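Read through the structure below, which is laid out as structure tokens, and then see the notes.
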Amino acid sequence: MKKSLINKPMLAVALLLSSASPLLHAASPEDAVEFRQGVFRAMGWNFGPMGAMIQGRKPFDAEAFAQGAERVAVLANMVAEGFIEGTGRSDGMDTRLKEEYWYQQANFDKLMQRMVANADTLAQAVASGKDREELRPVLAQLAGSCKNCHEEYRGRD
């Protein structure tokens, strides 16, 4: 039986953050921006080493890759919670979120759902025992969904 690579402290944090959804809607816009930026940073923190392993810039470590994939899947399912009213640049927030988000929310939601599905697919592929070469296109699919959203809704500093 495969042991899950999500440890107890990480699981506790994930549960706390995922249960925070109703709290976020009562949170200040500043807190919501901080939340979503933190989730994105954590995703990048885990995504970067996976990309380096797939590209051969780091030795492939199946356990570390699986841990990163599981974490990214958990985080991907949380990030949309930080996109609430009053969190745009025009609201005075320190964010790279383009103003297009506010009038293209249906498209944004579609892109977010695609990213979540791709993150879940990656975690499932790792759990099923796929090797580095089999994971390459799955990670590329996730990276592409991140890129699509960044191109449309993430501005420059």
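The sequence shown runs -26 to -1, 1 to 131 under mature numbering (1 follows the signal peptide of the UniProt record, and there is no 0). Built from N, CA and C at the ideal position, the CB exists for glycine as well. Source: prediction; values computed, not measured.
Quick check: residue i and residue j, are their CB atoms within less than 9 Å of each other?
i, j, result
"L49", "A93", "yes"
"V13", "T69", "no"
"V100", "A43", "yes"
"L85", "L96", "no"
Is DSSP giving residue i helix, strand or coil here?
i, result
"R31", "coil"
"V112", "helix"
"R45", "helix"
"R130", "coil"
"A16", "helix"
"E37", "helix"
"F57", "coil"
"M67", "coil"
"A1", "coil"
On a CA-only basis, which of the options is nearest residue i? Give me that one, please.
i, options, result
"K32", "Q41, Y77, G22", "G22"
"G30", "N51, E107, C123, L116", "E107"
"E59", "L71, M52, N51", "L71"
"A16", "G118, D35, L113, V53", "V53"
"R10", "D105, E74, D131, G62", "G62"
"Q78", "F57, A36, Q98, A47", "F57"
"F39", "A80, Q98, R130, D5", "Q98"
"V46", "Y127, G129, C120", "C120"
"L75", "N20, Y127, S64, A117", "One point to set straight first is that residue 75 is Tyr, not Leu, in the sequence displayed. Cα-wise, what sits closest to Y75 is Y127."
"residue 133", "F82, K104, Q87, Q115", "What the structure shows of the chain is the stretch from -26 to 131, and residue 133 is not part of that stretch, so it cannot be assessed."
"E55", "G66, E37, F82", "F82"
"I28", "A80, A117, N122", "A117"
With 9 Å set as the bound, which would you pick, yes or no: does the beta-carbon of residue i sit closer than that to a beta-carbon of chain C?
i, result
"A16", "Here chain C cannot be found, since the structure has a single protein chain."
The ligand NAP heavy atoms versus the CB of residue i: any closer than 8 Å?
i, result
"K32", "Here there are no bound small molecules, and the ligand NAP is not part of this structure."
Restricting to runs no shorter than 4 residues, where is the alpha helix (DSSP H) found entirely within the region 69 to 126?
74 to 77, 79 to 101
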